[in-house]
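Here the structure is laid out as structure tokens; the discussion comes afterwards.
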Amino acid sequence: MKKFLLLMVFCSMMLSSMADQLVLIETTGFTQTKILILNPLIKAHYYQEKLVIATIESPIREKYTVLQDNPWNNGLSYYVVYTHAGMMQEYANTISGKASLLYTSDNLLVVGIDESKEGQLQPAKNDGMVRLFNKAVRLAESSKRRPVRLTDPDPFVLDLINQVDAANLTATVQHLQDYGTRNAYQPASIEAQNWIAGQFEALGLSVEIMNFSMPGGNASDNVIATMQGTVYPDEYVICGSHYDSYSNSGLAPGADDNASGTAAVIELARILSQYTFDRTIVFCTFSGEEYGLYGSEAYASRCADQNMDIQGYFNLDMIGYLQDGSPIHTDLIYPPSAQELADFYTDVCATYLPDFLVETGVLIGGDSDHTSFNNNGFMGIFPFEDGENYSPYIHTSNDNIGPSYNNETQAGIFAQASLASVITLANRLNPPRNLIAFPGDNQVELNWDTMEGIDHFIVYRDNVAIASPESNQYLDADVINEISYTYYITAIYSESGDESDASNSATVTPMPPLSLPFFTDFESGTAYWETSQGWGLSSSASHSSSHSLADSPTGQYGNNVESYASLRAFSLEGDYDEVTISFWNKFDLEADYDYVWLEISTDGISWTQLAEFNGVQSGWQKKTYELNAYIGEPHVQLRFHFMSDVYVTGDGIYIDDFEISRVITGLEALKPALSIYPNPAHGLVYVQHSGKPTETLLLFDVYGNLVRSWPLNGRESIDVSGLAPGIYFLRPGKSEHQGGRPLMIR
Numbered sequence: 100m101k102k103f104l105l106l107m108v109f110c111s112m113m114l115s116s117m118a119d120q121l122v123l124i125e126t127t128g129f130t131q132t133k134i135l136i137l138n139p140l141i142k143a144h145y146y147q148e149k150l151v152i153a154t155i156e157s158p159i160r161e162k163y164t165v166l167q168d169n170p171w172n173n174g175l176s177y178y179v180v181y182t183h184a185g186m187m188q189e190y191a192n193t194i195s196g197k198a199s200l201l202y203t204s205d206n207l208l209v210v211g212i213d214e215s216k217e218g219q220l221q222p223a224k225n226d227g228m229v230r231l232f233n234k235a236v237r238l239a240e241s242s243k244r245r246p247v248r249l250t251d252p253d254p255f256v257l258d259l260i261n262q263v264d265a266a267n268l269t270a271t272v273q274h275l276q277d278y279g280t281r282n283a284y285q286p287a288s289i290e291a292q293n294w295i296a297g298q299f300e301a302l303g304l305s306v307e308i309m310n311f312s313m314p315g316g317n318a319s320d321n322v323i324a325t326m327q328g329t330v331y332p333d334e335y336v337i338c339g340s341h342y343d344s345y346s347n348s349g350l351a352p353g354a355d356d357n358a359s360g361t362a363a364v365i366e367l368a369r370i371l372s373q374y375t376f377d378r379t380i381v382f383c384t385f386s387g388e389e390y391g392l393y394g395s396e397a398y399a400s401r402c403a404d405q406n407m408d409i410q411g412y413f414n415l416d417m418i419g420y421l422q423d424g425s426p427i428h429t430d431l432i433y434p435p436s437a438q439e440l441a442d443f444y445t446d447v448c449a450t451y452l453p454d455f456l457v458e459t460g461v462l463i464g465g466d467s468d469h470t471s472f473n474n475n476g477f478m479g480i481f482p483f484e485d486g487e488n489y490s491p492y493i494h495t496s497n498d499n500i501g502p503s504y505n506n507e508t509q510a511g512i513f514a515q516a517s518l519a520s521v522i523t524l525a526n527r528l529n530p531p532r533n534l535i536a537f538p539g540d541n542q543v544e545l546n547w548d549t550m551e552g553i554d555h556f557i558v559y560r561d562n563v564a565i566a567s568p569e570s571n572q573y574l575d576a577d578v579i580n581e582i583s584y585t586y587y588i589t590a591i592y593s594e595s596g597d598e599s600d601a602s603n604s605a606t607v608t609p610m611p612p613l614s615l616p617f618f619t620d621f622e623s624g625t626a627y628w629e630t631s632q633g634w635g636l637s638s639s640a641s642h643s644s645s646h647s648l649a650d651s652p653t654g655q656y657g658n659n660v661e662s663y664a665s666l667r668a669f670s671l672e673g674d675y676d677e678v679t680i681s682f683w684n685k686f687d688l689e690a691d692y693d694y695v696w697l698e699i700s701t702d703g704i705s706w707t708q709l710a711e712f713n714g715v716q717s718g719w720q721k722k723t724y725e726l727n728a729y730i731g732e733p734h735v736q737l738r739f740h741f742m743s744d745v746y747v748t749g750d751g752i753y754i755d756d757f758e759i760s761r762v763i764t765g766l767e768a769l770k771p772a773l774s775i776y777p778n779p780a781h782g783l784v785y786v787q788h789s790g791k792p793t794e795t796l797l798l799f800d801v802y803g804n805l806v807r808s809w810p811l812n813g814r815e816s817i818d819v820s821g822l823a824p825g826i827y828f829l830r831p832g833k834s835e836h837q838g839g840r841p842l843m844i845r
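Numbering of the sequence shown is given in the numbering used here, commencing with residue 100 and proceeding in unit increments.
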């Protein structure tokens, strides 16, 4: 019995030690934040540029603060509550006995509360809060397209932004203010919800009242209005605001926060509903923002679950207050993951509203609905009236037209900026996508996705137009081996004759085709390898001779590095029975945090992991992997993919004696086993040979005279310097001249 009790105590301790923990991790910047979000050992629920709140199942190496043990099984709700230092103690006193303060800093708290007993947590006086949900945030992925370069303003866009009537905005703000309060839990908020829906319906839009749950019971819902696109209906451009308001005491008229942003969304809908656009435009007015972004989180989460292709979300929240003496401008709030959309908005404003100053801002007193989109894998930005000098009247009964909403002109400019951005993105001509360049022998083959409604494409090489193919492929034969070229493609649309933005770019170096078998000991360089960010030849360690391929040839690798060493594509079409790759390696990589992966691809876009290297392997070992599953593929590519985090570094990985071997049958077996390049040549000639390593490599002139010989011994290159120009024959074997591979020496 005693043993049983001891066993039960031990099991209980083990379960306790393995229980989930809610933690807060302070980071050095977004690079580390991104690494943490992508770490499979961490489930991130919320992030800022230098902060992550996450659930962990076991201890991690990063320094962290434990907020709560076993967080998602105790009936508690968790919030990030923003407030300034002077209000911190007052707010703590307000929630004392109802909620637990789990963390405090200069401008935010993390709070846990049992809302089934205590009801909805209230925000701080003049600031906001964000509800944490038991789900992992998703970062937006870059579109990998070249930046939009706007030059001359589009007359159509100019016409529409000139239709913005700032007086309409003020009239709508007045109407919403007149409800007295639009607190999500108050009946007046539902009245405002229905009025907004009626405004959208009167414009002929498809309107949805989207229900979602809040912990305080019945509340107002989201109003979602949609204009379907005529060309790309499954691609979406979204602008939104929240219409609910909040006050700690008395009425919550919410003129600036956020009748102003809601008025702008309705004004955009009024103008845009008169026209058609290529992409679907969605107008959102959310509820529940003041209590933790409930409405926008519900909508953005649904969008993510439906895999909606959202091109961008433009948030309109507090656009009508201007401090005395300040110029009209915006502090643009966004996470680094939305940089591409922020750049787009900035370019649009520079083109259509050149006097409207756009500055990158920091919001330390709250958050807004753009965060819900960024947390669900989309790009969202928040043009804000001022990151520091915003209306001091919000969340009070004085958030009225006059003291708080005090600059109608500014509100109109904010609406114009979002309108121009929505139109430009909604009608943006789709560029060609997924450009891939295949380098060959004095040629480069280009392929990209097919497109409809295109008259022709334009191929750019090193920023110069070189061809106008009508199909989605092009062969550039006007190139020279061993010189790098950069390509991108644009599309000319049939109906308008307009040229699209550019595709992604591709940089390649043409070379003779890589043929099998292939062997390199890296003694003559890294021919057929494309390297980035530090990969290169190392003389610090080698398995044979004196060189190897390494991720950091001259010392330890750095922090926050992601780099590649990619072998040129080769074909596995042919009568192959089996194909294998082998190489020798040794490595010193921080265990569980820094990795090298061997990866394979058949299209240059999607990669499959063949092997993973992590930790320390101090001695050279041979690794061998089968490629039989890829036999028959015309395009096969291999690469070593290195990634490090922000802390400990190591010596990295060394790779040597890399070989691709094959067993062939049928007529393929009768083909020559010797290939050489370049040809014509002078100086070094690279050799690929499938024969016995003990054979001799022989060079004959046209008269059959033996000119030079080299022992094979896995040799990769021979030096023909000093030989007279002319035709020679190279072959392995005996000293008698019996033909061979022609070699022209210049």
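Backbone N, C-alpha and C fix where the C-beta goes; we use that ideal spot for every residue, glycine too.
The structure presented is a predicted model; accordingly, all values stated were derived computationally and were not measured.
Under a 10 Å Cβ-count criterion, P609 is classified as buried, with 16 or more other Cβ atoms of the shown protein chains found around its own Cβ.
The beta carbon of V122 sits closer than 7 Å to those of A153, I155, Y163, T164, V165, L166, all from its chain and outside the five residues before and after it, given in chain order.
Here the C-alpha atom of F669 lies approximately 7 Å from the C-alpha atom of Q736.
The straight-line gap separating the alpha-carbon atoms of I323 and R369 is approximately 14 Å.
Taking C-alpha positions only, E189 is separated from Y398 by approximately 33 Å.
Runs of alpha helix (DSSP H) with 4 or more residues, each lying fully within the stretch 256-341, are found at 265-276, 286-301, listed in chain order. When the five nearest sequence neighbours on each side are left out, the beta carbons in the same chain lying within less than 7 Å of the beta carbon of A239 are those of S436, A437, N473, G476, F477, M478, in order along the chain.
Two segments are said to touch when three or more pairs of C-beta atoms, one from each, lie closer than 8 Å; by this definition the stretch 447-456 does not touch the stretch 199-216. Residue burial annotation: L524 is buried, with at least 16 other C-beta atoms found within 10 angstroms of its C-beta. The C-alpha of D756 lies about 17 Å from the C-alpha of P810.
Only residues of its own chain outside the window of five on either side were considered, and among them E629, R738 have a CB closer than 6 Å to the CB of S665, listed in chain order. Looking at the DSSP output, Y145 shares a beta bridge with I152.
In this structure, Y420 is the residue among D744, Y420, G394 with its C-alpha nearest to the C-alpha of G501. Residue H740 holds the alpha-carbon nearest to the alpha-carbon of T707 among H740, P612, D423, M313. Under the 10 Å beta carbon count, T723 is surrounded by fewer than 16 other beta carbons and is classified as exposed. In this structure, DSSP gives N414 an extended state, which the three-state scheme calls strand. Counting the other CB atoms within 10 Å of its CB gives A235 a total below 16, which places it among the exposed residues. Here the C-alpha atom of L304 lies approximately 6 Å from the C-alpha atom of T325. Taken in chain order, the whole beta strand (DSSP E) runs of length 3 or more contained in the stretch 677-720 are 694-700, 707-712.
Less than 8 Å divides the Cβ of Y146 from the Cβ of I136.
Ranked by how close their Cα comes to the Cα of N526, the residues Q515, F255, I535 have F255 in first place. With a contact defined as Cβ atoms closer than 8 Å, E622 and S645 qualify at about 7 Å. Between the alpha carbons of Q716 and L697 lies a distance of about 16 Å. Shown here, Q736 sits in a strand according to DSSP, grouped into three states. Close CB contacts of A519 within its chain, under the 6 Å cut and outside five residues either way in sequence, are with V256, I260, V447, Y451 (chain order).
A distance below 7 Å between beta-carbons, with the five flanking residues on each side excluded, links D205 to the following residues of its chain, in chain order: A184. If you ignore the 5 residues before and after L431, its C-beta comes within less than 8 Å of the C-beta of A441, Y444, T445, V457, E458, T459, G460, I480, F481, P482, F483, all in its own chain and listed in chain order. Between the stretch 261-272 and the stretch 526-536 there are fewer than three inter-stretch CB-CB distances shorter than 8 Å, so the stretches are not counted as touching. Relative to Y202, the option among G218, M187, G196 whose CA is nearest is M187. Annotation: T271 to G633 spans about 58 Å, alpha carbon to alpha carbon. Secondary structure of T589 (DSSP, three-state): strand. With 16 or more other Cβ atoms inside 10 Å of its own Cβ, M313 counts as buried.
Within the stretch 199-223, the runs of alpha helix (DSSP H) at least 4 residues long that lie entirely inside it are, in chain order, 214-217. The DSSP assignment places 456-459, 479-483 as complete runs of the beta strand (DSSP E) inside the stretch 433-510, in order along the chain (cut-off: 3 residues). In the three-state scheme derived from DSSP, where H, G and I count as helix and E and B as strand, R527 is classed as coil.
Following the DSSP letters along the chain, one finds I365 inside the alpha helix (DSSP H) bounded by residues 359-371.
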